[in-house]
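Below, the structure is given as structure tokens:
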């Protein structure tokens, strides 16, 4: 049996959204607050941005951060895997 779907109303950049998902309402609210904060930071740096452009630029910045973290994680995983393999071969 699947997990129950949760539903929560959030506000991002002055707009209300209903989020549905398997995550807790608190987690979904936290995500919305993060996106809202990042969009507001973007507009604070670029006051002439409209909502759509602010959302796209925020998404691009967040995707950039995610890709860099994923690359760092992958490099650390490979390094750890090589060390474990080397230690196993030397045993």
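Residue numbers (the working numbering): 62 to 152. Positions of the beta carbon are idealized from the N, C-alpha and C atoms, including for glycine.
Asked: Residue 137 (DSSP reduced to helix, strand or coil); Found: helix
Asked: Alpha-carbon to alpha-carbon, residue 118 and residue 132; Found: 21 Å
Asked: Per-residue DSSP class, three states only, for residue 150; Found: helix
Asked: Beta-carbon proximity of residue 69 to residue 89, cut-off 8 Å; Found: yes
Asked: C-beta atoms of residue 100 and residue 116 nearer than 8 Å; Found: yes
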